[in-house]
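Novice: Before we start, here is the structure in question, set down as structure tokens.
2 protein chains.
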Amino acid sequence: MIPPDKHLEIGSLLFEGVDQIDLTGPFEVLSRIPNSTYRIYGKTAEPVRDVRGLRLTPDAAIGEAPQLDVLHVPGGFGQEDLMEDEAVLRWLRHQAAGARSVFSVCTGALLCGAAGLLRGRRATTHWASFDLLPYFGAIPINERVVVDGTWVFAAGVTAGIDGALRLAAELRGEDAAKAIQLYMAYAPEPPFDSGTPERAPPTILEQARASVAGITKRREATARRAAAKLGVKS
Amino acid sequence: MIPPDKHLEIGSLLFEGVDQIDLTGPFEVLSRIPNSTYRIYGKTAEPVRDVRGLRLTPDAAIGEAPQLDVLHVPGGFGQEDLMEDEAVLRWLRHQAAGARSVFSVCTGALLCGAAGLLRGRRATTHWASFDLLPYFGAIPINERVVVDGTWVFAAGVTAGIDGALRLAAELRGEDAAKAIQLYMAYAPEPPFDSGTPERAPPTILEQARASVAGITKRREATARRAAAKLGVKS
């Protein structure tokens, strides 16, 4: 926990093709952390579209961000286009070096990996990209939320809500996190038991893997290039 | 279930002061319903801010919407400013009359109530506004998701995800909903048991009630006026 009178600068990275709930799930929590400023940073301050078309607008460009205390990196198909974007990777490295906490959601972990931030770190990501973590030197942990020192990793998509509540508790104590959870009425009742590859019906899993096969293949090729660049044996 | 070859027009209402996850939680599901078009409609097409500042932009203004098959009405503090906005209420009445499904999330239910759409209907809303449902002639049901005929009500905030998956199953069958749930990795693990007034620690509940006392009082006064206008005895 951080002294309650220490103001926190919290920032999320936003990019074209983000999976919006990787951002907006945590937003609901991060925007309610006591004594904090929360802003969203894009590569530029221009509006972007999420992977399904939601129009989102950053508060500012990454170049305008102060040193953040909490850096949040969401994922989504668009992460792939930033994997070799040196301006973004340099910003992530710079921010992560000075931050109290880094919070990765979904394939945001691959972006952190490309920035060279995952070496030797216990990490998780979306199930469809889970096998790629070793290319970045990470140790894959098949859990919904993984806490490794000052890092919090949330697995796929909606896991960002669980991860953000864990992070809120790390930053401001459990009571603060519980108050946010109550406001959000977060007592989930999924109507089906189909939220993980282990639990989903096999035919549905097979179709899901087929539908992401293209992006997964692309991500793997990128991960191999990143491994070579980072000097990670794979 | 609707014939798979019947294309669905799905639309969400967006307004200044929406609680963004009332919109963005369902977005993750609604934007993935097979054979559908999903668009977001604002009172105008101008960008708005959610209650905590997230910048969101509608796809179009309500006046440009076709007859929707599925109408989604989110909530948030900003709902209060629309409770006597005849242009919006008229649009809701008109759309609801022709829609296959209406999906209310959180205090979106109050807005539907102000439009006169809840008379005799089993409904739910955010716990802080639950006691207001009878002013609109609704029958309050203390469940996370309530299905009443062609209506689906989700209680507070994150309940919109559960409600949207239920709705997806109603529209396109359980397998379609399960496939979306798998993609979203929706197998929640809330870190605390604090998501309902019944489960949250009493001191946290007390603080939460105090923090929403102002808006709750305002909502009650508005609900009384609506009851008088609708001729509902309260």
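Chain order of the listed sequences is E and H.
Sequential numbering of the first sequence, starting at 56, is according to our numbering.
Sequential numbering of the second sequence, starting at 56, is according to our numbering.
No residue lacks a Cβ here, since even glycine has one placed at the ideal position from N, Cα and C.
If you're wondering where the values come from, they're calculated on a predicted model, not measured in any experiment.
(1) Residues of chain H with CB closer than 7 Å to the CB of Q262(E), please, in chain order.
(2) So, are the CB atoms of A123(H) and E64(H) less than 7 Å apart?
(3) Can you tell me whether G168(E) is buried or exposed, with buried defined as 16 or more other CB within 10 angstroms of its CB?
(4) With a Cβ-Cβ cutoff of 7 Å, do I76(H) and V212(H) count as a contact?
(5) DSSP three-state label for S91(H), please.
(6) Is the CB-CB distance between V157(E) and G131(E) below 7 Å?
(7) Give the single residue among T180(E), A232(E), D230(E) and P195(E) whose Cα lies nearest to the Cα of A214(E).
(8) Using DSSP's beta-bridge definition, name the partner residues of G66(H).
(9) Report the CB separation of P245(E) from L220(H) in whole angstroms; it is logged as a contact under 8 Å.
(10) Starting from D203(H) and walking both ways along the beta strand (DSSP E), at which residues does that stretch end?
(11) Quick check: what's the CA-CA separation for A282(H) versus L172(H)?
(12) When you compare the CB positions of A231(H) and A223(H), do they come within less than 7 Å of one another, or not?
(13) Just confirm the distance between the C-beta atoms of A278(H) and F191(H), as a whole number of angstroms; I'd bet it's less than 8 Å.
(14) Could you spell out where the beta strand (DSSP E) holding A164(E) opens and where it closes?
(15) At a CB-CB cut-off below 8 Å, which residues of chain H make contact with T251(E)?
(16) Going straight from the alpha carbon of F247(E) to that of S266(E), what length do you get?
(17) If you draw a straight line from the alpha carbon of T258(E) to that of Y96(E), how long is it in whole angstroms?
(18) How many whole angstroms separate the CB atoms of G86(E) and H62(E), which I take to be in contact at a CB cut-off of 8 Å?
(19) Give, in chain order, every residue of the stretch 118-152 of chain H whose Cβ lies closer than 9 Å to some Cβ of chain E.
(20) Can you list the residues of chain H that L109(E) reaches, using a CB-CB cut of under 8 Å?
(21) If you check the beta carbons only, do R94(H) and P102(H) fall under 7 Å apart?
Specialist: Let me spell this out:
(1) As a first step, residue 262(E) is located in the first sequence; it is residue number 207 there, counting from the start. Those within 7 Å of Q262(E) in chain H are A234.
(2) As a position in the second sequence, residue 123(H) is number 68, starting the count at 1. As a position in the second sequence, residue 64(H) is number 9, starting the count at 1. The residue asked about is misnamed: residue 123(H) is Leu in this sequence, not Ala. Result yes, Cβ atoms of L123(H) and E64(H) sit closer than 7 Å.
(3) In the first sequence, residue 168(E) corresponds to position 113, counting from 1. The residue in question, G168(E), is buried, as its Cβ has 16 or more Cβ neighbours within 10 Å.
(4) Within the second sequence, numbered from 1, the residue matching residue 76(H) stands at position 21. Within the second sequence, numbered from 1, the residue matching residue 212(H) stands at position 157. It is a contact, given that the beta carbons lie within the stated cut-off.
(5) By one-based count along the second sequence, residue 91(H) stands at place 36. S91(H) falls in the strand class under three-state DSSP.
(6) To locate residue 157(E), count along the first sequence from 1; it is residue 102. To locate residue 131(E), count along the first sequence from 1; it is residue 76. No Cβ-Cβ contact shorter than 7 Å links V157(E) with G131(E).
(7) Start at 1 with the first residue of the first sequence, and residue 214(E) comes out as number 159. Selected option, being the one with the closest Cα: T180(E).
(8) For the purposes of this step, residue 66(H) is identified with residue 11 of the second sequence, where counting begins at 1. According to DSSP, which records beta bridges pairwise, G66(H) is partnered with R94(H) and L126(H).
(9) As a working mapping, residue 245(E) is identified with position 190 in the first sequence. As a working mapping, residue 220(H) is identified with position 165 in the second sequence. The Cβ separation is near 7 Å, so the contact holds.
(10) For this step, residue 203(H) is matched to residue 148 along the second sequence. V200 to D203 is the span of the beta strand (DSSP E), which, as asked, contains D203(H).
(11) Mapped onto the second sequence, residue 282(H) falls at position 227. Mapped onto the second sequence, residue 172(H) falls at position 117. Cα-Cα distance, rounded: 12 Å.
(12) Within the second sequence, the letter at position 176 stands for residue 231(H). Within the second sequence, the letter at position 168 stands for residue 223(H). Yes, the Cβ-Cβ distance between A231(H) and A223(H) is below 7 Å.
(13) On the second sequence, residue 278(H) is found 223 positions in, with the first residue counted as 1. On the second sequence, residue 191(H) is found 136 positions in, with the first residue counted as 1. About 7 Å separates the CB atoms of A278(H) and F191(H); that is less than 8 Å, so the two are in contact.
(14) Looking up residue 164(E) in the first sequence gives position 109. Note, A164(E): premise wrong, no beta strand (DSSP E); alpha helix (DSSP H) at G163 to A169.
(15) Counting from one through the first sequence, the residue named residue 251(E) turns up at place 196. Chain H residues near T251(E): L237, A240 and A242.
(16) For the purposes of this step, residue 247(E) is taken as residue 192 along the first sequence, with counting starting at 1. For the purposes of this step, residue 266(E) is taken as residue 211 along the first sequence, with counting starting at 1. Approximately 21 Å, taken between the alpha carbons.
(17) Here residue 258(E) refers to the residue found at position 203 of the first sequence. Here residue 96(E) refers to the residue found at position 41 of the first sequence. Taking the straight line joining both Cα atoms gives about 39 Å.
(18) The count along the first sequence starts at 1 and reaches residue 86(E) at position 31. The count along the first sequence starts at 1 and reaches residue 62(E) at position 7. Per the sequence presented here, residue 86(E) reads as Ser, with Gly not at that position. The pair is not a contact, with the Cβ atoms about 15 Å apart (cut-off 8 Å).
(19) From the stretch 118-152 of chain H, no residue has a Cβ closer than 9 Å to chain E.
(20) Sequence index remark: in the first sequence, residue 109(E) carries index 54 (1-based). Here the neighbours are T79, F82, S86, I95 and L111.
(21) The residue labelled residue 94(H) in the question sits at position 39 within the second sequence. The residue labelled residue 102(H) in the question sits at position 47 within the second sequence. No, these two residues do not count as a Cβ contact at 7 Å.
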